[in-house]
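Taking it in order: structure first as structure tokens, then the write-up.
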Amino acid sequence: MKSFEFLLPDRISKPRDSGLTMVLDKGLGLKNAESLMEISGEYVDLLKFGWGTSILHDKDLIKDKVKMYQSFNIKTFTGGTLFELACLNNKIDEVFEESKSIGFDAIEISNGSIDMGEDDKLSFIKEAKNNGFFVLSEVGKKNITKDKSISLDERIDAIKEEINAGSDLVIMEGRESGKSIGIYDDTGEVKLDVVNSIIDKIDVNNILWEAPNKNQQVNLVLNIGQNVNLGNISTTDITSVESIRRGLRGDTVGKV
Amino acid sequence: MKSFEFLLPDRISKPRDSGLTMVLDKGLGLKNAESLMEISGEYVDLLKFGWGTSILHDKDLIKDKVKMYQSFNIKTFTGGTLFELACLNNKIDEVFEESKSIGFDAIEISNGSIDMGEDDKLSFIKEAKNNGFFVLSEVGKKNITKDKSISLDERIDAIKEEINAGSDLVIMEGRESGKSIGIYDDTGEVKLDVVNSIIDKIDVNNILWEAPNKNQQVNLVLNIGQNVNLGNISTTDITSVESIRRGLRGDTVGKV
Amino acid sequence: MKSFEFLLPDRISKPRDSGLTMVLDKGLGLKNAESLMEISGEYVDLLKFGWGTSILHDKDLIKDKVKMYQSFNIKTFTGGTLFELACLNNKIDEVFEESKSIGFDAIEISNGSIDMGEDDKLSFIKEAKNNGFFVLSEVGKKNITKDKSISLDERIDAIKEEINAGSDLVIMEGRESGKSIGIYDDTGEVKLDVVNSIIDKIDVNNILWEAPNKNQQVNLVLNIGQNVNLGNISTTDITSVESIRRGLRGDTVGKV
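Protein sequences appear in the order of chains A, B and C.
If you want the working numbering, it's the position in the first sequence, counting the first as 1, plus 516.
If you want the working numbering, it's the position in the second sequence, counting the first as 1, plus 516.
If you want the working numbering, it's the position in the third sequence, counting the first as 1, plus 516.
Quick look at the structure:
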């Protein structure tokens, strides 16, 4: 039972196909992460071990963290940069194997930092599906200039093709900073016209928007709805994001 | 005994009527919070379970967190948004009951997000006092435009009336961001002329200034004194704020 | 064994004379810090108990934290502000004694907040060496105006003299904010011409650059190399910094 449960508005519960919250773990200790999940794990659907961080950590410890997160019904995966490093080093099969051996449920396939042709990316998505993973693919470039060179039509086409290739969720790049990238302008505000153009052409439930900052979470919830898929949520903001979705924080009280 | 105790300047100790530090908990796990209190709990007077976050958390866990904080002589309460939600849902009596049943010492009454007349607010303050709570009431609107429409005289009158109605502490709204609101300008700097006009008319010990950012904490300490009441302090900044108060951080060395 | 170890690029390991990471602890609880070290302690060389924070904490608890960090082969020390407070209070010998009694390995000597002549500073450095400490000395003023009044030549001369006096590492002031100070401009960007002028005259391994923000860490790694010494790293960024050094994060993939 929740405290003040008579004030709790309903929301679809896990496992769910929309309203997903993906959290970014930058290297939490096991016990610290466990204490956090004990209070708020039910509000996390997907947990990303950020970029290549897990390469730096003890394998047994990562196994224990994966198991712990899964005990809260959370899907775990490594950041897209790890897959790009595999690509650069011709170790893609090894990454599929190691991910399974550690126990990861999902895999993220991106080309934000390296040159990877769209055809290659689509075949990697298929290969990941064939290996039994829940697949997230990411559209966007981490370099601001390169990211700005992608036209809106190209972005939409890429999303469509990746969904067709088997991607379960297409991530819209937002980085950890949330500025000057994808749907965000240089001050980190959401470019709603771009968002609207995208969801005009694509089922919004197939998209997960990286939204590291509060104003972004609020704007996406107010404009798309409480069950918008949000990603790159900081480990310190898990409860805050759920409160924004349910109208329990000032910014969305009475508006969702 | 403290380490380097011969360098420790005195400050009034808990329980105290001024120099209060109110900390904002956005959803810490119990064990993480306990470890933090073991090192710095003596520097926390009041602990707010931010806005409506506690509605999302397990009741037994919240009871345990409340007990844990109280074991460090800290008063606990839920955010003003929770009370506003109660108001919207006609559940005010239920909130008083549930707060007692969980063990909260205090209650915050605000009208930052909803339309609540000043008369209603004053009677809620009285009702909360009659229910035995330590009462904090908050003056200010979370919406920037609405907040700017409150004149300085209106702000001062509201503070006076709420104190007369029984409010133990009047909180000056600063939000979690500390920008474009109340005593802060658009860059988050303290508007000292506004602060001075307020404390010219009101006993400064009755006011608790939400001051989430370091420059705000430093400026308020330098201008009002080490025993200014500060609120919305991040859980990561508890020791920092105490060091600012005692002249143990660069910004206030030799100045307090 | 690491997870995805086949993707891990080598880097010189601890104990090392370059490529040092110095982390800023603002008051972590013992158990929280321990959980963090269990996953990432091998990437920390030096741990600073920030400014005067340890004066506020229980001596036995600080002893336990020091021991815990040392069990991960990390050198511990108190912030320069603590030494400056000792200076103001004529308690320098007492600080040497107390530091030894608690178990600190190192000591930081700075004059960022108080007026301390360069000659006095040099003799304190010698005294600290004679007391058996690993010595870090810091060049720069915490006050922006005062810091800007130091010419580049004066800065370089001070670094040279402090190294000659026995300083093991000279810290370039960056504060916790990383703006408008030392090598950083008002937006927090690295002034590469200043950096280059300094390392043109001084062995870069003798310098530790405070670099609290990600863009600073990335720029220093890209311009000086993966084994640049970095300081004032937040406890939440330990793994991130190591991933930047090794090319495991988007910003440095394929570039180090």
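Just so it is clear, CB atoms sit at the ideal spot from N, CA and C, and this is done for glycine as well.
Which of helix, strand or coil DSSP assigns to residue i
i: V611 of chain B; result: helix
i: L540 of chain B; result: strand
i: F520 of chain B; result: coil
i: D663 of chain A; result: helix
i: I571 of chain C; result: helix
Pairwise C-alpha distance: residue j and residue i
i: F593 of chain C; j: G619 of chain B; result: 41 Å
i: G543 of chain B; j: E558 of chain A; result: 13 Å
i: R691 of chain C; j: D684 of chain A; result: 44 Å
i: F588 of chain C; j: M553 of chain C; result: 7 Å
i: N647 of chain A; j: A602 of chain A; result: 16 Å
i: N821 of chain B; j: D673 of chain B; result: Any answer about residue 821 of chain B is impossible in this case: the structure gives chain B only from 517 up to 772.
i: K771 of chain A; j: I699 of chain C; result: 46 Å
i: N721 of chain A; j: N743 of chain A; result: 9 Å
i: G763 of chain B; j: P525 of chain B; result: 8 Å
i: I623 of chain B; j: G545 of chain A; result: 34 Å
i: D663 of chain C; j: K583 of chain C; result: 35 Å
i: D631 of chain A; j: F599 of chain A; result: 13 Å
i: I749 of chain A; j: K730 of chain A; result: 9 Å
i: V710 of chain B; j: Q732 of chain A; result: 31 Å
i: T569 of chain B; j: S617 of chain C; result: 44 Å
i: L572 of chain A; j: K518 of chain C; result: 6 Å
i: L540 of chain C; j: D669 of chain A; result: 45 Å
i: K579 of chain B; j: I641 of chain A; result: 46 Å
i: K717 of chain C; j: F520 of chain B; result: 38 Å
i: F649 of chain C; j: W567 of chain A; result: 38 Å
i: S529 of chain C; j: L536 of chain C; result: 10 Å
Residue interval of the alpha helix (DSSP H) (run including residue i)
i: E670 of chain C; result: L668 to A681
i: D576 of chain C; result: K575 to Q586
i: K771 of chain A; result: Careful: K771 of chain A lies outside any alpha helix (DSSP H) and carries neither H nor E.
i: E550 of chain B; result: L546 to S556
Buried versus exposed call for residue i [16 or more other C-beta atoms within 10 Å across all chains shown]
i: N606 of chain C; result: exposed
i: S665 of chain A; result: exposed
i: E613 of chain C; result: exposed
i: I555 of chain C; result: buried
i: P728 of chain B; result: buried
i: G633 of chain A; result: exposed
i: G766 of chain C; result: buried
i: F522 of chain A; result: exposed
i: M538 of chain C; result: buried
i: K707 of chain A; result: exposed
i: S653 of chain A; result: buried
i: E726 of chain C; result: buried
i: N735 of chain B; result: buried
i: N548 of chain A; result: buried
i: D576 of chain B; result: exposed
i: R779 of chain A; result: Outside the modelled stretch of chain A, which goes from 517 to 772, sits residue 779 of chain A, for which no answer is possible.
i: I687 of chain C; result: buried
i: G741 of chain C; result: exposed
i: T661 of chain C; result: exposed
i: S626 of chain A; result: buried
i: V532 of chain C; result: In the sequence as displayed, the identity of residue 532 of chain C is Arg instead of Val. When all chains shown are included, R532 of chain C counts as exposed.
i: I675 of chain C; result: buried
i: N739 of chain A; result: exposed
First through last residue of the beta strand (DSSP E) which encompasses residue i
i: I687 of chain C; result: L685 to M688
i: K564 of chain C; result: L562 to F565
Contact set between residue i and chain F, taken where Cβ atoms lie within less than 8 Å
i: N647 of chain A; result: Reference to chain F is not applicable here, since the protein chains of this structure are A, B and C.
* Every unbroken alpha helix (DSSP H) within the stretch 698–769 of chain A, with a cutoff of 4 residues, ordered by chain -> 708–717, 730–740 and 754–761
* Segments assigned alpha helix (DSSP H), at least 4 residues, entirely inside the stretch 589–661 of chain C -> 596–604, 608–618 and 634–646
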